[in-house]
């Protein structure tokens, strides 16, 4: 005999709007073996937490529905639900109270829609699509947004999709950084609120606009081409130029392009000394009154146009030699000077004049004169024909301007005088002949030049001349002029000057005319004889050549060239009776003509300056040459010997010098060394190839075998003792100084020796150079 319980749950229907389901619970008891109870025993059934009481009879050997209940249960907010049911039943039989339980997962009821976005980041003014995959076709939606301080409704009664333009007002909320925007989707079934879901995206920000510059010349427009990242942006544009510290506004509301011309006068003034400057442009981006990002700057090189150069009004030229102006009235070669002025000069805009120059050139382009000023007078112009005068100004930018004018320079040469001869016409007169010519100077069909001459004459012993003058309108004159009143017993010096309107500029060398011609003039009283002339000087005064067939013996001096005594200013040769020879003149010399050479000379001995005698050829001596002054070798054949003093001694060359001033008294040069017997004084570099020895200097080299990381010493004994303890300098002969060689020095320096000390981190044989100097 047995009684077995069982329970079932069935889902009947659902209410999407109410988020509920209708379910039916049934409780069964199955009997077997003849068990039954017809007295309706009691039981309890609990459904979804609610307990219900019942009673029911149980027949034998059958499955009996003892209780059934249909109820409505609510689902969870997400539409899910698992419902439980149980019952207990007192059979009042042998089994007593029996019980059973069960549970059932109900069909999920569609609830609030979960939205999705078409992009994860959108900038203000951009569009984003919100997808709303609703669970039920009867659902509709309301979309709202929240971003920073902004919030609002995107739309209501929406079905499955909505495209939304992100408000541009978000730009001002965060102009320089990202924001997070949250969209909430509220789901409704009719007027019934089902639920809500949210989704977020990033609201990006716009960077400040960028730009490029174009332009190139001051005075021309500059274009700022702006690439803005949002069409609603405006821009403030500023500029400054080389040398400026602050900006000037070009525009307060530029869009995508701005073309403007910076004031040229301002820019020129800022670069007075250069042809280029730097324009700096700043662009500031705004959305409304909100500044966006950082300022952007770019530079552009602006050049001073090639047309901006200095200028000058004119170059004026006038005669700078008043004598030429008054005598000729035209520019004249070798006489005129040009007075030149640059007029009306001004620099290129904003600059200033830095230099003036005036050049004067002839027709061949040769520069005759240069004036580095705005005005001045040239030197004497030595060319004729067309003369070009160019005035040039340079400003501080290096720009130049010039103007040229030309003048015609009359060809001119100084008057010439030639073929002058002077002969005695009578005892008291002389005839002067010669040919004079002058250069024609025609101005406006009028000859401005003429010839004049001046003849001077004096007795040889006199110091002043008597002059006669004359003129000729002709430019060529065959001079034939007699001078009278001469003393028949005197010789005369006659000099002839040729000239023109500019004065006497040509001179013919003086000519000496003798006394009146007589066969003999015998002064019995004074014992004087004149041959071919009257005796004027000496016991014998001869006009013409003198020949002798035998020796000439002179107890006094023989003078040549009209020489009377040393110091009278006349060049000549004096032969002394005691065997001396004196040469007198500006540059006296003796010429030798070897092997009858027709050259000017083979060898010349000449006194070309005071206290110097120069021999133009080699000078050889078969015996010693002694000198009380310096003996210096200059310009000797260096390909064989070199310059200097040489000795044919096999062992050494000796130089014996005056030691009174403290310099070397004797220097001996041996094959391998030089020996001094006194102090050596050097006023330049002293560069020994080996060692230096002397009473005050000792030097040498030693090798020290170092002991690693210890001081190693070596005693050096001087080859010769010194006068006292010297100053010592030691140097390690290695590139390891400062590395493995940590130090080198000395100690215990005396007149005979010094102790050299070396410290090295490794054991290496090291060369040390030493120098001892006794001060």
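Numbering (our numbering), first residue to last: 1 to 775.
Note that beta-carbon positions come from the ideal geometry of N, C-alpha and C, so glycine has one too.
Exposure label - residue i; buried when at least 16 CB within 10 Å
i: residue 497; result: buried
i: residue 415; result: buried
i: residue 201; result: buried
i: residue 209; result: buried
i: residue 79; result: buried
i: residue 642; result: In this predicted model, residue 642 has a pLDDT of only 37, less than 50, meaning its place in the structure is not dependable enough to derive any value.
i: residue 767; result: exposed
i: residue 581; result: exposed
i: residue 39; result: exposed
i: residue 333; result: buried
i: residue 638; result: Note on residue 638: pLDDT 39, under 50, position unreliable in the model; no value is reported.
i: residue 592; result: exposed
i: residue 140; result: buried
i: residue 395; result: buried
i: residue 707; result: exposed
i: residue 500; result: buried
i: residue 508; result: buried
Backbone secondary structure at residue i - three-state DSSP
i: residue 93; result: coil
i: residue 166; result: coil
i: residue 501; result: coil
i: residue 138; result: coil
i: residue 244; result: coil
i: residue 594; result: helix
i: residue 324; result: helix
i: residue 264; result: helix
i: residue 14; result: strand
i: residue 756; result: strand
i: residue 271; result: coil
i: residue 172; result: helix
i: residue 703; result: strand
i: residue 718; result: coil
Through-space distance from residue j to residue i, alpha-carbon basis
i: residue 566; j: residue 611; result: Below a pLDDT of 50, predicted positions are generally treated as unreliable, and residue 566, at 49, falls in that range; the measurement from the model is reported next regardless. Roughly 17 Å separates the two Cα atoms.
i: residue 700; j: residue 711; result: 21 Å
i: residue 613; j: residue 588; result: 10 Å
i: residue 440; j: residue 450; result: 8 Å
i: residue 406; j: residue 388; result: 4 Å
i: residue 463; j: residue 495; result: 13 Å
i: residue 220; j: residue 254; result: 19 Å
i: residue 26; j: residue 64; result: 10 Å
i: residue 453; j: residue 504; result: 7 Å
i: residue 511; j: residue 487; result: 16 Å
i: residue 718; j: residue 758; result: 19 Å
i: residue 368; j: residue 391; result: 14 Å
i: residue 19; j: residue 13; result: 11 Å
i: residue 247; j: residue 241; result: 8 Å
i: residue 4; j: residue 45; result: 16 Å
i: residue 9; j: residue 69; result: 10 Å
i: residue 425; j: residue 547; result: 28 Å
i: residue 598; j: residue 584; result: 25 Å
i: residue 309; j: residue 344; result: 14 Å
i: residue 129; j: residue 195; result: 21 Å
i: residue 771; j: residue 728; result: 6 Å
i: residue 314; j: residue 413; result: 32 Å
Beta-carbon gap between residue i and residue j smaller than 9 Å
i: residue 778; j: residue 317; result: Any question about residue 778 goes unanswered here, given that the chain covers just 1 to 775.
i: residue 215; j: residue 223; result: yes
i: residue 432; j: residue 361; result: no
i: residue 743; j: residue 756; result: no
i: residue 115; j: residue 131; result: yes
i: residue 827; j: residue 106; result: Only positions 1 to 775 of the chain appear in this structure, which leaves residue 827 out of reach.
i: residue 172; j: residue 290; result: yes
i: residue 515; j: residue 491; result: yes
i: residue 373; j: residue 358; result: yes
i: residue 112; j: residue 197; result: yes
Closer than 9 Å to chain D by CB, residue i
i: residue 32; result: Protein chains in the displayed structure number just one, and chain D is not present.
Check: residue i C-beta below 8 Å from any heavy atom of the ligand HEM
i: residue 605; result: Questions concerning the ligand HEM fall outside what the structure shown contains, since it holds no ligand whatsoever.
Problem - the region 155-168 contacting the region 94-102, beta-carbon criterion three pairs below 8 Å - result: no
Practice task
Count the CB pairs spanning the region 291-304 and the region 417-432 that are closer than 8 Å, and state whether there are at least three.
Solution key: no
Practice task
Determine, using beta-carbon pairs with one atom in the region 180-200 and one in the region 268-275, whether at least three such pairs fall under 8 Å.
Solution key: no
Handout entry: contact_flag[the region 53-60, the region 109-125] where n(CB pairs < 8 Å) is 3 or more
Key = no
Practice task
Take every Cβ of the region 422-432, pair it with every Cβ of the region 470-485, and state whether three or more of those distances are shorter than 8 Å.
Solution key: yes
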